[in-house]
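In the numbering used here, the protein residues as written are 4 to 136.
Glycine included, every Cβ here is placed at the ideal spot set by N, Cα and C.
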């Protein structure tokens, strides 16, 4: 299996509902390093998995909709706790759709798996990994 990873980052504000979250129930900020790892069983005729420029651009477009925002105020997240794990799933879905829709170029159609990892700090991170269906 081949893989190619692109990396970017976002800065957000959010709060969580539920006593389990303790002080994180209050509005707080988070900076995430976002890694998107595309996987495919074979390379194309140019020996590429996916166009790295298109992958970086698409990741940036997706993250731009979150960057420097209070996620509590975003309609897409109404009623949801925007945990690190949940944001991984959200970004994965958007990147997978970009592969299926052709926004990643022809190589996007060969991508079979995708892992999105958000690093919250040097001691804590979360990821979601799944197929591109």
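Contacting residues, own chain, Cβ-Cβ under 8 Å from residue i (five flanking each side not counted)
i           : result
residue 105 : 111 and 112
residue 72  : 15 and 16
Anticipated Cβ contact below 8 Å, residue i with residue j, distance rounded
i           : j           : result
residue 91  : residue 120 : 7 Å
residue 131 : residue 88  : 7 Å
residue 74  : residue 98  : Residue 74 to residue 98, Cβ: 18 Å. No contact.
residue 102 : residue 135 : 5 Å
Sequence-distant residues of its chain with Cβ nearer than 6 Å to residue i (five each side left out)
i          : result
residue 6  : 40 and 42
residue 57 : 107 and 108
Residue closest to residue i, alpha-carbon to alpha-carbon, out of the options
i          : options          : result
residue 44 : 4, 30, 82 and 12 : 4
residue 18 : 126, 136 and 32  : 32
Same chain, Cβ closer than 7 Å to residue i, five either side skipped, listed in chain order
i           : result
residue 129 : 87, 88, 91 and 121
residue 152 : Nothing can be reported for residue 152, as the shown portion of the chain is limited to 4 through 136.
inquiry  = Three Cβ pairs or more, each shorter than 8 Å: is that satisfied between the region 17–25 and the region 45–65?
reply    = Taking 8 Å as the limit for Cβ pairs, the verdict is that the region 45–65 does not touch the region 17–25.
ask   = Is the region 30–37 in contact with the region 45–57, if contact means three or more CB pairs nearer than 8 Å?
value = no
query = Which runs of the alpha helix (DSSP H) fall wholly inside the region 14–78 and span at least 4 residues, in chain order?
reply = 55–67
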